[in-house]
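Visitor: In this note's numbering, the protein residues as written are 10 to 138. Glycine residues also receive a C-beta, built at the ideal position from the N, C-alpha and C atoms.
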């Protein structure tokens, strides 16, 4: 990819809004932000290096089944190549949309009334026996 460049100086959220297709190779903030922002993305990382909590596994398996998360960088590269001509059409396929929405709702929720949601959760936690 001779035209690819690394730009760590700009804020990630802004770059994601400009991205045609995001490719993320580790399970951290960038993949959560991409899924929350509904940016077409291809994910890959070593499951051995990044073990999952048992309760999170079904959500990651659903991303795999939908063709978003891949076990190897080669599989991810092939998927990115197939999606690149029209990433939005690829991303908007029903199985992919459902997997992304389920994951984001659980692990990367984004809502305009986030402050009210946080306050509600904090109050409930403080009131719990």
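I believe residue 87 touches residue 30 by the beta-carbon criterion, under 8 angstroms. Please report the beta-carbon distance rounded to the nearest angstrom.
Guide: The count along the chain shown starts at 1 and reaches residue 87 at position 78. The count along the chain shown starts at 1 and reaches residue 30 at position 21. Not confirmed; about 13 angstroms, so no contact.
Visitor: Could you please give the first and the last residue of the uninterrupted alpha helix (DSSP H) stretch that includes residue 115?
Guide: For this step, residue 115 is matched to residue 106 along the chain shown. Start and end: 103-116.
Visitor: Just to confirm the assignment, what range does the alpha helix (DSSP H) spanning residue 135 have?
Guide: Residue mapping note: residue 135 aligns to position 126 of the chain shown, counting from 1. Unbroken alpha helix (DSSP H) run through residue 135: 123-136.
Visitor: Quick check on the burial criterion: 16 or more other C-beta atoms within 10 angstroms. Buried or exposed for residue 26?
Guide: Position 17 of the chain shown, counting from 1, holds the residue named residue 26. Answer is exposed; the Cβ neighbour count stays below 16.
Visitor: Can we say the region 129-136 touches the region 100-118, given the rule of at least three CB pairs closer than 8 angstroms?
Guide: no
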